[in-house]
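In case it helps, my numbering puts the sequence shown at residues 468 to 898.
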Amino acid sequence: MQTEEKLGKKDLLSLFTEGYKKTQTIGIEYERLPVNGTTFKAVDYNNEFGICNFLRNFAREENWDYITDDFNIIGLKQGHDTITLEPGCQIEYSIKPEKTIFELKNKIENYDNKMRPILKKFGIKLLNYGVSPLSTNKHINLIPKKRYHIMAKYLWGILSDVMMRETAGVQCCIDFESEEDAMRKYKIANKLVPFVTAMFANSPIRGGVDTGYKSFRALSWLNTDNDRCGFVGHIDNNSTFEEYINALLETPMIFINRDNQCISLNGKINFKEYMNQYDATIEDFKLHANLYFPEVRLRNFIEIRNHDCVGKNLQYSIPAIYKGILYNSFAMDEIDELFKDLEYKDFSELRYNVPKYGLNTYVKNYYVKDIAKEILYITEKSLIEMDTGEEIFLNPIKEYTLNNICPADEILRNWYGLWNKDVKKLIEFVS
468 MQTEEKLGKK DLLSLFTEGY KKTQTIGIEY ERLPVNGTTF KAVDYNNEFG ICNFLRNFAR
528 EENWDYITDD FNIIGLKQGH DTITLEPGCQ IEYSIKPEKT IFELKNKIEN YDNKMRPILK
588 KFGIKLLNYG VSPLSTNKHI NLIPKKRYHI MAKYLWGILS DVMMRETAGV QCCIDFESEE
648 DAMRKYKIAN KLVPFVTAMF ANSPIRGGVD TGYKSFRALS WLNTDNDRCG FVGHIDNNST
708 FEEYINALLE TPMIFINRDN QCISLNGKIN FKEYMNQYDA TIEDFKLHAN LYFPEVRLRN
768 FIEIRNHDCV GKNLQYSIPA IYKGILYNSF AMDEIDELFK DLEYKDFSEL RYNVPKYGLN
828 TYVKNYYVKD IAKEILYITE KSLIEMDTGE EIFLNPIKEY TLNNICPADE ILRNWYGLWN
888 KDVKKLIEFV S
């Protein structure tokens with residue numbers, strides 16, 4: 468009798484190679500924090516004016532379909548777009564990649580306009596901010612999604628509960644046309660991330676107090692799970708899909724799905740061992756890869772992850788930076804030249820220092836704020852050459868970076884000045 472072949476590396480590799488495409492689309496995932504407009508506390512899932520009933524109302528009004536987990540509503544879908552819930556009820560738009568950022572912006576604004584009257588009815592404000600400003604994780608319940616409860620028990624970092632329940636960010640997605648193209652973009656994106664994290668740092672106030680960090684959200688990721696967060700591979704060498712796959716194979720597994728049930732593995736086996744001992748499926752690997760949280764994640768596209776949620780059109784500056792650099796070979800050459808004096812250990816050091824110091828982080832005789840200005844210069848020149856008008860999306864971040872500040876600096880100035888440490892004023896500012 469012929470037996471089915473075991474899952475092998477060639478099967479895993481196909482998940483990445485099937486992503487080859489000549490297009491140059493841009494995608495965005497945009498998370499926000501829901502708080503009660505009166506108490507400013509995090510909105511719960513279950514109560515009468517909670518997130519579940521909000522989603523139910525929005526779906527009925529706007530004809531979206533439910534995404535469920537054991538009959539619990541955990542999100543909505545319409546076509547290729549989704550509105551989903553993160554573990555602590557954070558609301559995420561995941562928008563189908565488009566050719567221009569104008570299209571992404573139009574779609575997000577359209578959804579916001581449709582959502583606004585229902586949010587008002589429920590007394591909910593959606594915050595463009597990186598960490599819960601008042602409620603802390605001990606007072607934020609997990610939504611009823613099985614995987615989140617398993618993850619919460621497994622993730623061992625001292626701030627993993629903060630990451631899951633309190634934080635919101637903006638992620639960007641980029642296409643690639645070959646392995647060589649993918650790995651070049653992957654390497655440069657990893658080097659860019661600490662600088663862009665600093666530029667958009669927007670989470671200094673948590674639990675109603677100044678944390679001493681410009682991005683407490685970025686700090687929480689440093690203290691979530693070292694096995695699955697951070698950089699993958701030596702970003703100053705010629706990385707390959709296989710190197711990334713090997714890192715995934717060596718990573719402990721959290722759980723698998725069988726018959727629509729989550730079965731906890733609790734890190735007792737890595738994926739390489741699991742493939743050798745059991746009948747692993749490609750769906751097992753996809754799930755495992757999705758439970759891997761590096762700064763830049765490889766899929767059949769490139770996902771760039773570590774940016775605080777921001778508003779006031781700053782959320783569109785993030786994809787503008789990555790589009791301007793990663794879709795222009797000359798811009799990538801200029802970034803390589805800009806970073807030529809920095810080594811892997813420097814980027815790793817930046818990753819640990821940027822959450823506290825933001826643009827004032829110092830590395831190898833350079834301030835991040837000075838390098839950030841060069842990054843914006845290279846980006847703007849590239850976007851102008853593309854002749855799509857998308858350089859306009861850099862204007863919001865230029866107002867900060869060219870003045871040597873990030874959003875957190877503006878918040879802290881007001882916190883100790885006009886706001887007199889009033890959380891209500893912060894909520895109004897980031898709503």
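Just so it is clear, CB atoms sit at the ideal spot from N, CA and C, and this is done for glycine as well.
Margin query: What would DSSP say about arginine 764, mapped onto helix, strand or coil?
Written below: Residue mapping note: residue 764 aligns to position 297 of the sequence shown, counting from 1. Residue state, collapsed to three classes: strand.
Next item on the list: Report buried or exposed for valine 510, applying the criterion of at least 16 other Cβ atoms within 10 angstroms of its Cβ.
Entry: By one-based count along the sequence shown, residue 510 stands at place 43. Answer is buried; the Cβ neighbour count reaches 16.
Item checked: Of the residues Gly825, Ile859 and Leu850, the one placed nearest cysteine 873, counting alpha carbons only -> Position 406 of the sequence shown, counting from 1, holds the residue named residue 873. Nearest of Gly825, Ile859 and Leu850 to cysteine 873, Cα basis: Gly825.
Check: Out of curiosity, what's the CA-to-CA distance linking lysine 831 and isoleucine 641?
Finding: Walking along the sequence shown from the start, residue 831 turns up at place 364. Walking along the sequence shown from the start, residue 641 turns up at place 174. Approximately 30 Å between the Cα atoms of the pair.
Next item on the list: Using only alpha-carbon positions, find the residue among Glu877, Glu559 and Val629 that is nearest to aspartate 692.
Entry: Taking the first residue of the sequence shown as 1, we reach residue 692 at position 225. For the residues Glu877, Glu559 and Val629, the minimum Cα distance to aspartate 692 belongs to Val629.
Note to self: My output table needs one value for isoleucine 550: the three-state DSSP class, helix, strand or coil.
What the structure shows: Within the sequence shown, residue 550 is the residue found at index 83, counting from 1. Strand, per DSSP.
Check: Whole alpha helix (DSSP H) runs in the region 607-684 with 4 or more residues, listed along the chain?
Finding: Taking only runs of at least 4 residues, the alpha helix (DSSP H) segments lying wholly in the region 607-684 are 613-621, 627-633 and 646-666.
Next item on the list: Output yes or no for whether 8 Å exceeds the beta carbon distance between glycine 517 and methionine 631.
Entry: Residue numbering aside, residue 517 sits at position 50 when the sequence shown is read from its first letter. Residue numbering aside, residue 631 sits at position 164 when the sequence shown is read from its first letter. No, the Cβ-Cβ distance between glycine 517 and methionine 631 is not below 8 Å.
Notebook entry, point to check: For lysine 900, does the three-state DSSP call read helix, strand or coil?
Noted result: The structure shown has nothing for residue 900, since the chain only spans 468 to 898.
Checklist line | Own chain partners of histidine 701 with C-beta closer than 8 Å, once the 5 adjacent residues on each side are dropped | finding: Here residue 701 is taken as the residue at index 234 of the sequence shown, counted from 1. Cβ within range, chain order: Tyr811.
Notebook entry, point to check: Where tyrosine 596 and tyrosine 745 are concerned, what is the direct C-alpha to C-alpha distance, given to the nearest angstrom?
Noted result: Counting from 1 along the sequence shown, the entry for residue 596 is found at position 129. Counting from 1 along the sequence shown, the entry for residue 745 is found at position 278. If I take the Cα positions, the gap works out to 43 Å.
Next item on the list: Report buried or exposed for serine 599, applying the criterion of at least 16 other Cβ atoms within 10 angstroms of its Cβ.
Entry: One-based indexing of the sequence shown puts residue 599 at position 132. Under this definition serine 599 is a buried residue.
Note to self: According to DSSP, simplified to helix, strand and coil, what is glutamine 545?
What the structure shows: Position 78 of the sequence shown, counted from the first residue, corresponds to residue 545. In the structure shown, glutamine 545 sits in a strand (DSSP, three-state: E or B).
Check: Going by Cα to Cα distance, which pick from Arg527, Phe538, Ile785 and Thr551 is closest to isoleucine 585?
Finding: Along the sequence shown, one-based indexing puts residue 585 at 118. Ranked by how close their Cα comes to the Cα of isoleucine 585, the residues Arg527, Phe538, Ile785 and Thr551 have Arg527 in first place.
Item checked: beta strand (DSSP E) segment containing isoleucine 769, residue limits -> Sequence index remark: in the sequence shown, residue 769 carries index 302 (1-based). Segment 769-771, the beta strand (DSSP E) holding isoleucine 769.
Check: Would serine 481 be called buried (16 or more neighbouring beta carbons within 10 Å of its own) or exposed?
Finding: Position 14 of the sequence shown, counted from the first residue, corresponds to residue 481. Label assigned to serine 481: exposed.
Notebook entry, point to check: Does the Cβ of cysteine 519 lie closer than 7 Å to at least one heavy atom of the ligand FMN?
Noted result: Ligands are entirely absent from the displayed structure, and the ligand FMN is therefore not among its contents.
Checklist line | Contact check, asparagine 690 vs leucine 626, beta carbons under 8 Å | finding: Numbered from 1 along the sequence shown, position 223 holds the residue referred to as residue 690. Numbered from 1 along the sequence shown, position 159 holds the residue referred to as residue 626. In contact: asparagine 690 and leucine 626 (Cβ atoms closer than 8 Å).
Notebook entry, point to check: So the alpha helix (DSSP H) valine 777 belongs to, where does it begin and stop?
Noted result: By 1-based counting over the sequence shown, the position of residue 777 is 310. Note, valine 777: premise wrong, no alpha helix (DSSP H); not H, not E.
Next item on the list: From the DSSP output, in three-state form, read off aspartate 478 for me.
Entry: Locating residue 478 in the sequence shown gives position 11, where the first residue counts as 1. Three-state result, aspartate 478: helix.
Margin query: In whole angstroms, give me the CA-to-CA distance for glycine 546 and serine 706.
Written below: For the purposes of this step, residue 546 is taken as the residue at position 79 of the sequence shown. For the purposes of this step, residue 706 is taken as the residue at position 239 of the sequence shown. Going by the C-alpha atoms only, they are around 35 Å apart.
Margin query: If I measure Cβ to Cβ from phenylalanine 493 and keep anything under 8 Å in the same chain, skipping five residues before and after, which residues do I get?
Written below: To locate residue 493, count along the sequence shown from 1; it is residue 26. As written in the sequence, residue 493 is isoleucine, which differs from the phenylalanine given in the question. Contacts found: Pro564, Glu565, Lys566, Thr567, Ile568, Leu571, Cys639, Cys640, Ile641, Pro786, Tyr789 and Lys790.
Check: Can you give the Cα-Cα distance for alanine 784 and glutamate 858, rounded to whole angstroms?
Finding: Working through the sequence shown from its first residue, we reach residue 784 at position 317. Working through the sequence shown from its first residue, we reach residue 858 at position 391. For the sequence presented, residue 784 should be read as serine rather than alanine. Distance between the alpha carbons of serine 784 and glutamate 858 is about 9 Å.
Note to self: Using DSSP's beta-bridge definition, name the partner residues of glutamine 728.
What the structure shows: Taking the sequence shown and counting its residues from 1, one reaches residue 728 at position 261. Bridge partners of glutamine 728: Arg725.
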